[in-house]
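Input: a single structure, listed below in structure tokens.
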Amino acid sequence: MKITSFKLRVCQPKGWEFNWRDDLPSVKMTMTVFEIGTEDGHTGIATSWLPASPVEIADQANHFFRPLLIGADSNDRERIWHEMMAHARYLIMPKAASHIDIALWDLVGKQTGLPVYKLLGAYREKVPTYATTTSYDSVEKNVEVALAIKKRGYNACKLHPPAIPDLDIEICKAVREAVGPEYRLMLDPTSAYDYDQALRVGRAIEKLGFYWYEDPIRDDDVAGLQELCRSLDIMVLMGESTSRGPWQFANYFNQFAGDGYRAVADVVGGITGLRKVAAAAELHNRRLEPHSYGSTLVQAAHLHHILAARNCEYFEVPHPKETLDFGMKTTIEIDREGFVHAPTAPGLGFEVDWDVIENSTIAEYK
Numbered sequence: 126m127k128i129t130s131f132k133l134r135v136c137q138p139k140g141w142e143f144n145w146r147d148d149l150p151s152v153k154m155t156m157t158v159f160e161i162g163t164e165d166g167h168t169g170i171a172t173s174w175l176p177a178s179p180v181e182i183a184d185q186a187n188h189f190f191r192p193l194l195i196g197a198d199s200n201d202r203e204r205i206w207h208e209m210m211a212h213a214r215y216l217i218m219p220k221a222a223s224h225i226d227i228a229l230w231d232l233v234g235k236q237t238g239l240p241v242y243k244l245l246g247a248y249r250e251k252v253p254t255y256a257t258t259t260s261y262d263s264v265e266k267n268v269e270v271a272l273a274i275k276k277r278g279y280n281a282c283k284l285h286p287p288a289i290p291d292l293d294i295e296i297c298k299a300v301r302e303a304v305g306p307e308y309r310l311m312l313d314p315t316s317a318y319d320y321d322q323a324l325r326v327g328r329a330i331e332k333l334g335f336y337w338y339e340d341p342i343r344d345d346d347v348a349g350l351q352e353l354c355r356s357l358d359i360m361v362l363m364g365e366s367t368s369r370g371p372w373q374f375a376n377y378f379n380q381f382a383g384d385g386y387r388a389v390a391d392v393v394g395g396i397t398g399l400r401k402v403a404a405a406a407e408l409h410n411r412r413l414e415p416h417s418y419g420s421t422l423v424q425a426a427h428l429h430h431i432l433a434a435r436n437c438e439y440f441e442v443p444h445p446k447e448t449l450d451f452g453m454k455t456t457i458e459i460d461r462e463g464f465v466h467a468p469t470a471p472g473l474g475f476e477v478d479w480d481v482i483e484n485s486t487i488a489e490y491k
């Protein structure tokens, strides 16, 4: 079906703030809304989120990709993807291309009347969740949040420590004692350690029975990741910081750097790019656990992939997530057993609150 419109909205709602670390000030949040329309009247939607101005993403998408999209067949997603990513690898931010791809999948779902995961080829109808915390500096706060997550019904909890090794180990010990020996815990220091620190913390959380160890060192330290995986029994996951599409993962697979991998659909080329990374990981007998932190529609893009993937165990849910549900009438919810169920509505399956979007729009590109 021919694409006839491409609209971008830059939103900056009053009072919408996000705080990643409790020792840092909150930052104003912004959103770019991508809308791709076809001659049959359907519209595919995606939303980016950033703790900074989204104008650059909108400018780039409008300048580079409008000529590519208008008049194209909305079913030609693979061709469109390659043409966009040829720019995204070298010239512009890949977030623009990634969100256009997500919007195209939402569009074809609405055209066919199917949820995206059905278009991808469904593997399951529900998936267990873990909650991922923001970063807290105190032992007490980490314990409090982990207990709240367990009480809410999430199947596991991922901690983001302050990245001070001795304090991080103390936090992990206290949280393990509080939640009990059987509850699954993960640790993500967001690539903050050097190798020796990563090894020391890794050995400590192995003894505490943590389930995985995420991004302990920088993703580009391939040799360090190889050695860390050889030295630790705990599963080491990496990859979410790669920022130029799925091609960067080939080196990790070939070098056996990482026991498992993380990828971000809104960076690696949307749902199409995420699928490519996941397929390559599966061929190397590795799991791909997507990073689904973001706006509701960013979370939804990852959810649909996970529902159509075998080599993934969990769906990641931000905690707290209410801040990231801005601009939506319907959002992703977990059941009492900590599962997220497959959306039933066509496309991504969640409804935008257009009144809220309209009232917070500060710029438009039509």
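So the working numbering is basically just the index in the sequence shown, starting at one, shifted up by 125.
Just so it is clear, CB atoms sit at the ideal spot from N, CA and C, and this is done for glycine as well.
Note that this is a predicted model, so its numbers are computed, not measured.
- Ser368 has its alpha-carbon roughly 25 angstroms from the corresponding atom of Lys132.
- Bounds of the alpha helix (DSSP H) holding Pro192 are Arg191 to Leu194.
- A check of alpha carbon separations from Val135 across Leu350, Gln185 and Ala425 identifies Gln185 as the nearest.
- According to the DSSP assignment, Ser485 belongs to the alpha helix (DSSP H) that extends over Trp479 to Ser485.
- Nearest neighbour of Cys437 by Cα position, chosen from Pro445, Leu428 and His444, turns out to be Leu428.
- Secondary structure note for Val389: it is in no beta strand (DSSP E), with a DSSP letter that is neither H nor E.
- Note that the C-beta distance between His416 and Glu447 is not below 8 angstroms.
- Separation of Glu414 and Ala171 (C-alpha to C-alpha, rounded to the nearest whole angstrom) is 21 angstroms.
- Counting only the Cα atoms, Glu164 lies some 45 angstroms from Glu339.
- Separation of Val233 and Phe189 (C-alpha to C-alpha, rounded to the nearest whole angstrom) is 22 angstroms.
- Cβ atoms of Met363 and Tyr386 come within 8 angstroms of each other, at about 7 angstroms.
- Going by beta carbons, Gly278 and Ile459 fall inside the 8 angstroms limit.
- Residue pairing by DSSP places Thr469 in no beta bridge whatsoever.
- In the DSSP assignment, Ala382 falls outside any beta strand (DSSP E) and carries neither an H nor an E.
- Note on Gly383: 16 or more other CB atoms within 10 angstroms of its CB, so buried under the neighbour-count rule.
- Between Val300 and Leu310, the C-beta gap is smaller than 8 angstroms, which places the two residues in contact.
- Going by DSSP, Leu362 is part of the beta strand (DSSP E) stretching over Met360 to Met363.
- Secondary structure note for Cys354: its alpha helix (DSSP H) is the uninterrupted segment Val347 to Ser356.
- Its chain contains Leu353, Ser356 and Leu357 as the residues whose beta carbon lies nearer than 8 angstroms to that of Leu324, once the 5 sequence neighbours on both sides are disregarded; these appear in chain order.
- The beta carbon of Lys283 sits closer than 8 angstroms to the beta carbons of Tyr255, Ala256, Thr257, Thr258, Leu310, Met311, Leu312, Asp313, Glu339 and Glu441 from its chain, once the five residues preceding and following it are set aside; these are given in chain order.
- Here the alpha carbon of Ala467 sits roughly 29 angstroms from the alpha carbon of Leu194.
- Cα atoms of Tyr336 and His430: separation of roughly 22 angstroms, rounded to the nearest angstrom.
- Straight-line spacing of the CA atoms in Ile482 and Thr455 works out to 14 angstroms.
- Taken through DSSP and simplified to helix, strand or coil, Glu142 comes out as strand.
- Cα atoms of Gly349 and Ala434: separation of roughly 29 angstroms, rounded to the nearest angstrom.
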